[in-house]
Amino acid sequence: MNYEHGFHAGNPGDVLKHAALVLILRELTRRQDPIHYLETHAGGGLYGLEKADGEWTQGIGRLLSKNARRKLPDLVPYLDLVAEEGKAPAVYPGSPLIAQALLRDTDRLELYELKPSAKAQLETAIEPKKDRRVRLFERDGYAGLISTSVAEGAHLMALIDPPFEASEEWDDIEACVKRTAVKRPGATLVLWYPVKEGAPHEGRPERLRRALEAARVRGVSVELSSRGGMILSKSKHAKVRGVLLGSGLLFVGAPHRAVAKLAAALPELGRSMARAEDGTAFDVSWKGWG
Ligand SMILES: C[S@@+](CC[C@H](N)C(=O)[O-])C[C@H]1O[C@@H](n2cnc3c(N)ncnc32)[C@H](O)[C@@H]1O
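Residue numbers (the numbering used here): 84 to 373.
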């Protein structure tokens, strides 16, 4: 377990994932049902952005201007949560802190983080002793999601955001997502995945989509991929290599309005993070099934 999300915090993959998370939670919190929010891979919660050339400069660092907010009105709630307009952020919040900020008193957060140092970091950031909605576990998140117990009338919303360090990660994802979607119809599931060439990644999102379709689970996925190369991981530890072309999200049971807003924003989001000087440009592709 060498993965350090700090290397990647605020990069284009985080921007896509966290922008979608904010859109979905804002829709779900308009409904009356309490939300049971679960993260299988919670991470450290808050990341310092002290490296002037960190991956964040390719992501959130490109969205700080008033112009970006004007062009991306549906993403302003996300931008307001993660960075002050015009200022280079000193820290970037991870998904548990974003959810903690948006969820209501009646909602619950169940967070799994297997790495002791990341769990300790998350504990400091999210302060579960002061927030009775939060439960934090140093356990495997896939097992946590499969066995979670959701109060009657509550809506399960799960974010599955694995590190993709191990070559069998996709097998665990496929089993967990399929089992949860079948066992809990109506739940909202969001999976983040890297778009990479070659084994063990290539073809696996499509295989998962087909497995869900065969199980009569409907959903939609989106990929934000770069043309011209980029998103170079600065992590020395990445074990499962392959050229990172971008990132994807797979949604089951996501509110239509959140997905529609994301679809409307993504072409402009891609343009806002693109730079001619380093050859970055983004393509957006959607696939629906069921
Ligand atoms: C991509 S990071 C999570 C980032 C976080 N979701 C965010 O957006 O801010 C993945 C995290 O999963 C943790 N992890 C790896 N395997 C795990 C497992 N089986 N169960 C729970 N956590 C795990 C890693 O230690 C790492 O902190």
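Idealized CB from N, CA, C, for every residue including glycine.
How would you write the range of the alpha helix (DSSP H) that residue i sits in, first residue to last?
{"i": "Asp255", "result": "Glu252 to Lys266"}
{"i": "Tyr225", "result": "Gly224 to Ser230"}
{"i": "Tyr86", "result": "That residue, Tyr86, is in no alpha helix (DSSP H); it is neither H nor E in DSSP."}
{"i": "Arg292", "result": "Arg287 to Ala297"}
{"i": "Ile107", "result": "Pro95 to Leu111"}
{"i": "Gly353", "result": "His339 to Met356"}
Check whether the Cβ of residue i sits closer than 7 angstroms to any heavy atom of ligand 1, and report yes or no.
{"i": "His284", "result": "no"}
{"i": "Gln124", "result": "The sequence given here has His at residue 124, not Gln. Under cutoff, so the answer is yes."}
{"i": "Met84", "result": "yes"}
{"i": "Gly331", "result": "no"}
{"i": "Leu197", "result": "yes"}
{"i": "Asp97", "result": "yes"}
{"i": "Tyr120", "result": "no"}
{"i": "Lys266", "result": "no"}
{"i": "Ser250", "result": "no"}
{"i": "Tyr225", "result": "yes"}
{"i": "Asp244", "result": "yes"}
{"i": "His339", "result": "no"}
{"i": "Lys279", "result": "no"}
{"i": "Gly177", "result": "yes"}
{"i": "His88", "result": "yes"}
{"i": "Lys149", "result": "no"}
{"i": "Lys100", "result": "yes"}
Indicate whether residue i and residue j have their beta-carbon atoms separated by less than 8 angstroms.
{"i": "Arg215", "j": "Glu193", "result": "no"}
{"i": "Ala298", "j": "Leu205", "result": "no"}
{"i": "Ala250", "j": "Pro283", "result": "According to the sequence shown, residue 250 is Ser rather than Ala. Their beta carbons are under 8 angstroms apart, which means Ser250 touches Pro283 by this criterion."}
{"i": "Leu185", "j": "Arg109", "result": "yes"}
{"i": "Glu306", "j": "Gly286", "result": "no"}
{"i": "Leu345", "j": "Leu106", "result": "yes"}
{"i": "Ser355", "j": "Ala151", "result": "yes"}
{"i": "Leu291", "j": "Glu235", "result": "no"}
{"i": "Leu328", "j": "Ala208", "result": "no"}
{"i": "Ala241", "j": "Leu121", "result": "yes"}
{"i": "Asn94", "j": "Glu138", "result": "yes"}
{"i": "Arg301", "j": "Trp369", "result": "no"}
{"i": "Lys44", "j": "Leu295", "result": "Any property of residue 44 remains undetermined from this structure, which presents the chain solely from 84 to 373."}
{"i": "Val342", "j": "Val303", "result": "yes"}
{"i": "Thr263", "j": "Ala337", "result": "no"}
Which first and last residues belong to the beta strand (DSSP E) in which residue i is found?
{"i": "Lys279", "result": "Thr271 to Lys279"}
{"i": "Phe247", "result": "Premise fails: Phe247 is in no beta strand (DSSP E) and is neither H nor E."}
{"i": "His119", "result": "Ile118 to Glu122"}
{"i": "Glu370", "result": "Residue identity differs from the one stated: residue 370 is Lys in this sequence, not Glu. Where Lys370 is concerned, the enclosing beta strand (DSSP E) stretches over Ala364 to Trp372."}
{"i": "Gly131", "result": "Leu129 to Gly131"}
{"i": "Phe90", "result": "Segment: none, Phe90 is in no beta strand (DSSP E) and carries neither H nor E."}
{"i": "Arg310", "result": "Gly302 to Arg310"}
{"i": "Gly331", "result": "Leu327 to Val335"}
Under 7 angstroms from any heavy atom of ligand 2, does the C-beta of residue i make it?
{"i": "Ala201", "result": "Ligands present in the displayed structure are limited to ligand 1, and ligand 2 is not among them."}
Worksheet entry | Every unbroken beta strand (DSSP E) inside the stretch 149-222 [3 residues or more] | As far as the stretch 149-222 is concerned, its whole beta strand (DSSP E) runs of at least 3 residues are 174-176, 191-195 and 217-220.
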